[in-house]
Structure formats: C-alpha cells, structure tokens
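S.K.: After the structure tokens below, expect a handful of questions from me.
Protein chains: 2
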Amino acid sequence: MVQSHKSAEHYASLLRAHQLKATPQRSAIAEALEIHGHLNIEALYELLKQKLPTLSLATIYKNLHSMIDKNFVAEVKLPGAKSVYELVKEQHSHLVCEKCGKVEDISLTLEYCIDEANAKSNFTITQVDIVLRGRCHQCQ
Amino acid sequence: MVQSHKSAEHYASLLRAHQLKATPQRSAIAEALEIHGHLNIEALYELLKQKLPTLSLATIYKNLHSMIDKNFVAEVKLPGAKSVYELVKEQHSHLVCEKCGKVEDISLTLEYCIDEANAKSNFTITQVDIVLRGRCHQCQ
DNA sequence: CTCTGTGCAAAGCGTTTGCAAACGA
DNA sequence: TCGTTTGCAAACGCTTTGCACAGAG
C-alpha cells in the first residue's frame with residue numbers, strides 16, 4: 061500500500077487555497093485521492109471509514125460536490141463503470157484497463173485532435189476529454 | 061422538426077438483423093434515435109409517448125439494455141450531463157456544445173492518439189473515447 | 001461568536017424487478 | 001402455440017435533504 065508522506069497541514073492548506081474550510085473529513089478525502097489517484101464513492105467511503113469511523117456517506121457526497129464546485133476535485137465518467145474522482149491537476153487524459161478497471165493518467169498531445177475537430181465541424185473546441193481503453197501491463 | 065422517411069418495416073428489419081424481436085416500441089426507439097441522433101432517456105420517453113401513449117419507462121429501460129447487449133445501440137456518457145443513446149455506427153467521436161448541450165458526431169483520425177498512448181504507457185490500447193467540448197455554430 | 005460542516009435518518013429519484021396479460025414469430 | 005415483451009406497481013439503491021449538534025475560523 062502506498063503511504064502518505066504529507067502532513068495534515070499540507071491538505072488543510074490545499075483546501076484553504078480553494079476556499080474550502082479544512083475539516084478532518086475533507087483532508088482525508090484529499091489525502092485519499094492524492095494517494096490513490098482515482099476512487100469511486102464506495103471505495104472512498106470504505107477507505108476513509110478506517111480512519112474516521114463515524115464518517116457518513118452524506119458527508120462524502122456533500123464534500124465531493126463542494127470540492128468539484130471549487131475546482132479542487134474532478135469527476136471522471138467512465139464508459140460502463142462508476143464515476144471516479146481525482147484531484148484537479150494539469151490537463152490530462154485517462155487510460156482504463158478493460159480487464160482490471162485500473163485507471164491511469166496520461167498526458168497526450170491534443171493539438172492535433174483539436175485542430176482536426178475545428179476544421180471538420182462548426183464548433184469552436186475548448187476542451188477534449190479522452191478515455192483510452194485497453195489492457196494494462198499486468199493484464200496483457 | 062425532422063421527419064422520418066423510413067417505413068416501419070425498415071426499423072423492423074434493422075432490429076431483426078440484430079437478433080431483436082421487432083415490436084412497435086422498439087421500432088419507435090430505433091426511429092427516434094435515427095432521427096434525433098442522440099437522446100437521453102427522459103427525452104426519448106417524452107418523444108415516444110406522443111406516438112405510443114401507453115408506453116412505460118420500464119419498457120424503454122428494458123429495451124435500451126437489450127439493444128445495447130446486441131450492439132444495436134450505444135450509451136454515450138457525457139461529462140456533467142445525463143447519458144445519451146445513439147444507434148451504433150462506425151467509430152466516431154462526439155462534440156458537445158457547452159452552452160446548449162447539443163451533441164454531434166465527428167470522425168477523427170485516432171491513430172496519432174493511439175500511437176502516442178501506446179508509446180507513453182504500459183497499456184495496449186484497443187479503443188479511444190473522445191468527447192470534445194466547445195461552442196456550436198449557433199452558440200458562439 | 002458565527003457560520004459552516006457533520007452525522008443521522010428520512011425523503012427523493014432514477015432504475016430495476018415481478019408478474020399477469022398481450023403479442024411476435 | 002410458445003417464448004418474449006409490455007405495462008403496471010412495487011422494490012431497490014444511490015444520492016440528496018432537514019435538522020440538531022459539533023467544529024473551524
């Protein structure tokens with residue numbers, strides 16, 4: 061298991077930088093997402109209950125919403141699976157293993173896609189969401 | 061409003077070609093998706109109730125599932141919006157207007173993305189789902 | 001001290017299921 | 001005719017809400 065090397069204050073500052081009050085629940089969510097990268101709501105709840113036994117699902121829902129509103133967390137909708145949540149970072153795309161479901165980030169050059177889409181359509185493209193599917197190294 | 065120029069038998073044949081019994085409800089779903097391109101469940105229900113007043117939501121859910129199982133219909137998950145459904149066609153990507161929500165198809169060259177992802181990751185990519193967001197011609 | 005966040009329980013809402021009747025092949 | 005589909009209503013599960021108490025700033 062990956063361990064955190066960040067202090068509680070690290071997450072509190074991150075939260076405050078996004079106009080979010082720093083509570084233990086929110087810090088725990090931030091830490092879990094930073095460590096695990098991508099988690100769905102159920103996984104997040106199971107994970108956090110270990111450290112915060114009284115944590116309620118409602119709190120997770122409320123906090124994910126406020127974190128998304130403040131652009132601190134993003135929801136990643138995956139084809140044929142539950143949404144996962146991640147900390148907002150620089151623009152990136154997602155790889156999903158079709159066998160084990162693992163999600164990884166990948167940085168792709170998107171100019172080509174955007175240019176082609178602008179040329180072929182009447183839209184002015186501002187954003188590209190890409191989900192790549194395939195087999196991860198272990199599942200080949 | 062776009063009107064259909066296909067006979068009822070056209071949709072019945074399409075359905076049978078996908079191992080689906082041709083019922084009026086299914087033909088109506090196929091027709092609506094062919095005419096409108098992309099519809100969410102609520103829009104589909106409202107539309108179809110006009111022609112089939114006794115149609116139930118449960119029937120739409122059951123049929124969409126069997127149509128997806130038979131690879132006749134595909135679900136398109138959109139960031140921050142309800143899923144829409146479309147008839148399965150050749151591989152293509154989606155454009156979504158961030159103002160009016162309109163969804164259009166676009167054919168993009170994906171080799172570049174796939175090659176780059178294969179080169180930069182340990183995954184063997186088999187599929188790429190791209191959702192482009194921006195402003196459509198009317199909403200610029 | 002004040003306002004926001006938390007946890008619990010209840011409510012809400014979209015989706016699924018069970019079943020009898022209707023229907024397609 | 002036989003197996004599938006339909007429509008209804010009930011059940012389900014995930015998400016949201018209301019509220020009293022606790023906690024952050």
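Line order of the protein sequences matches chains E and D. Note that the numbering used here has the first sequence beginning at 61, numbered continuously upward. Note that the numbering used here has the second sequence beginning at 61, numbered continuously upward. Here a beta-carbon is modelled for each residue, glycine too, at the ideal position from N, C-alpha and C.
1. What residue ranges within the segment 123 to 164 of chain E form continuous beta strand (DSSP E) runs of no fewer than 3 residues, ordered along the chain?
2. Name the two residues that bound the continuous beta strand (DSSP E) containing LEU192 of chain E.
3. Please work out which residues of its chain come closer than 8 Å, Cβ to Cβ, to GLU87 of chain E, disregarding the five sequence neighbours upstream and downstream, and give them in chain order.
4. Could you tell me if ASN131 of chain D is buried or exposed, where buried requires 16 or more neighbouring beta carbons within 10 angstroms of its beta carbon?
5. Taking the C-alpha atoms as reference points, what is the distance between LEU138 of chain D and ARG195 of chain D?
6. Taking only the alpha-carbon atoms, compute the straight-line gap between LEU192 of chain E and SER126 of chain E and give it to the nearest angstrom.
7. Can you name, in chain order, every residue of its own chain whose Cβ lies under 7 Å from the Cβ of SER143 of chain E, other than the five neighbours on each side?
8. Taking contact to mean 3 or more Cβ pairs, one atom from each stretch, closer than 8 Å, check whether the segment 165 to 184 of chain D and the segment 152 to 171 of chain E are in contact.
9. Taking Cβ positions only, does SER64 of chain D come closer than 7 Å to chain E?
10. Give me the Cα-Cα distance between CYS157 of chain D and ILE190 of chain E, rounded to the nearest whole angstrom.
11. HIS197 of chain E to VAL188 of chain D, Cα distance in whole Å?
12. Find the residues of chain D that neighbour HIS197 of chain E, judging by a C-beta separation of less than 8 Å, and give them in chain order.
13. Compare the C-alpha of ILE89 of chain D against each of D:HIS152, D:TYR145 and D:ALA177 and name the closest.
14. Between which two residues does the alpha helix (DSSP H) holding ALA88 of chain D run?
15. Quick one: measure Cβ to Cβ for HIS154 of chain E and VAL163 of chain E, integer angstroms, because I've assumed they're closer than 8 Å.
16. Between ARG86 of chain E and chain D, is the shortest Cβ-Cβ distance under 7 Å, so that the two count as touching?
17. From the DSSP secondary-structure annotation, give me the bridge partner or partners of ILE166 of chain D.
M.R.: In this structure, then:
1. 133 to 136, 144 to 147 and 153 to 157
2. 184 to 195
3. The displayed chain sequence assigns Ser, not Glu, to residue 87 of chain E. Cβ within range, chain order: ALA68, TYR71, ALA72 and LEU75.
4. exposed
5. 15 Å
6. 28 Å
7. ASN100, GLU135, VAL136 and LYS137
8. yes
9. At SER64 of chain D, the pLDDT of 49 sits below 50, so the modelled position is not reliable and the matter cannot be decided from this model.
10. 16 Å
11. 18 Å
12. ASN182 and PHE183
13. D:TYR145
14. 84 to 96
15. 6 Å
16. no
17. D:SER153
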